[in-house]
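Protein chains in written order, with my numbering: chain A, 1 to 116; chain B, 1 to 114. Just so you know, even glycine gets a beta-carbon here, dropped at the ideal spot from N, CA and C.
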Amino acid sequence: GNSVTQMEGPVTLSEEAFLTINCTYTATGYPSLFWYVQYPGEGLQLLLKATKADDKGSNKGFEATYRKETTSFHLEKGSVQVSDSAVYFCALSERGSGGSNYKLTFGKGTLLTVNP
Amino acid sequence: DAGVIQSPRHEVTEMGQEVTLRCKPISGHDYLFWYRQTMMRGLELLIYFNNNVPIDDSGMPEDRFSAKMPNASFSTLKIQPSEPRDSAVYFCASSRQGRSYEQYFGPGTRLTVT
Numbered sequence: 001g002n003s004v005t006q007m008e009g010p011v012t013l014s015e016e017a018f019l020t021i022n023c024t025y026t027a028t029g030y031p032s033l034f035w036y037v038q039y040p041g042e043g044l045q046l047l048l049k050a051t052k053a054d055d056k057g058s059n060k061g062f063e064a065t066y067r068k069e070t071t072s073f074h075l076e077k078g079s080v081q082v083s084d085s086a087v088y089f090c091a092l093s094e095r096g097s098g099g100s101n102y103k104l105t106f107g108k109g110t111l112l113t114v115n116p
Numbered sequence: 001d002a003g004v005i006q007s008p009r010h011e012v013t014e015m016g017q018e019v020t021l022r023c024k025p026i027s028g029h030d031y032l033f034w035y036r037q038t039m040m041r042g043l044e045l046l047i048y049f050n051n052n053v054p055i056d057d058s059g060m061p062e063d064r065f066s067a068k069m070p071n072a073s074f075s076t077l078k079i080q081p082s083e084p085r086d087s088a089v090y091f092c093a094s095s096r097q098g099r100s101y102e103q104y105f106g107p108g109t110r111l112t113v114t
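Written as structure tokens, this is what we have:
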């Protein structure tokens, strides 16, 4: 079946440092790829997405490029802030039983802590 | 517009008791998902509904778990009897037709079974 593997955390950075969180996936078809973020005490929120190979998703200074040749979707940000401290989940979609709907398969999450 | 609402936010119960978790999805959303999050297993999809109909319950761990969606604005996840290994954070999420990958999560219910 489909699966998502993320780098294990926790990741601790100083403010304004460069961030990379690695994500690789296994899928039988051509999934869409996502990054979700979970702030302390809250549910997950969609951060960015890419629906086909070579697409780049971006939001709030975060970017990730869908690399089919390496089955990867690494999350990057050039300069992190304290407010970026959260858990980040890589996910892929697969067509569900109903045909036109999608289930999400999540990685285990990576905790990011940014210190001032 | 209000987001996904879950209740209770915290639940502590004794082994063997019945537990009911509640969810109100975002108005107009056609899909509703129940997830369980633990340190060991991460985020697991338990069941999801489309237009109030259960589509895939293959993630429901065993017969002690059941979920219902009697109408478009309400769903329950019930555990009977509860066991300590059910301790986790349970999330409800909803999404709209055509964008079911963009799921809006509730704040979760932290369940502790002693």
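For the putative contact between residue i and residue j, defined by C-beta atoms under 8 Å, what is the C-beta separation to the nearest angstrom?
i, j, result
"Glu14 (chain B)", "Thr114 (chain B)", "6 Å"
"Gly42 (chain B)", "Gly109 (chain A)", "6 Å"
"Val4 (chain B)", "Phe105 (chain B)", "6 Å"
"Leu13 (chain A)", "Val114 (chain A)", "5 Å"
"Gly61 (chain A)", "Phe18 (chain A)", "Actually they do not touch by this definition, with Cβ atoms about 11 Å apart."
"Pro107 (chain B)", "Gln6 (chain B)", "6 Å"
Can you grab the Cα-Cα spacing for the pair residue i / residue j, in whole Å?
i, j, result
"Gln80 (chain B)", "Arg64 (chain B)", "5 Å"
"Arg110 (chain B)", "Thr20 (chain A)", "30 Å"
"Glu63 (chain A)", "Trp34 (chain B)", "28 Å"
"Arg96 (chain B)", "Pro116 (chain A)", "39 Å"
"Phe91 (chain B)", "Glu15 (chain A)", "31 Å"
Taking DSSP's pairing of strands, which residues face residue i in a bridge?
i, result
"Asp56 (chain B)", "B:Tyr48"
"Phe106 (chain A)", "A:Ala91"
"Phe34 (chain A)", "A:Lys49, A:Ala91"
"Ile21 (chain A)", "A:Leu75"
Any Cβ of chain E within less than 8 Å of the Cβ of residue i?
i, result
"Ser32 (chain A)", "Absent from the structure: chain E. Protein chains present are A and B."
Tell me whether residue i counts as near the ligand NAP, meaning its Cβ is closer than 7 Å to at least one heavy atom of that ligand.
i, result
"Glu42 (chain A)", "Among the components modelled here there is no ligand, and therefore nothing to report on the ligand NAP."
Determine, for residue i, whether the minimum Cβ-Cβ distance to residues of chain B falls below 8 Å.
i, result
"Leu48 (chain A)", "no"
"Leu104 (chain A)", "yes"
"Leu44 (chain A)", "yes"
"Ser85 (chain A)", "no"
"Phe89 (chain A)", "yes"
"Lys52 (chain A)", "no"
Within 8 Å of any Cβ in chain A, is that where the Cβ of residue i sits?
i, result
"Leu45 (chain B)", "yes"
"Glu11 (chain B)", "no"
"Phe74 (chain B)", "no"
Answer with buried or exposed for residue i, where buried requires no fewer than 16 other C-beta atoms within 10 angstroms of its C-beta.
i, result
"Met60 (chain B)", "buried"
"Lys68 (chain A)", "exposed"
"Thr28 (chain A)", "exposed"
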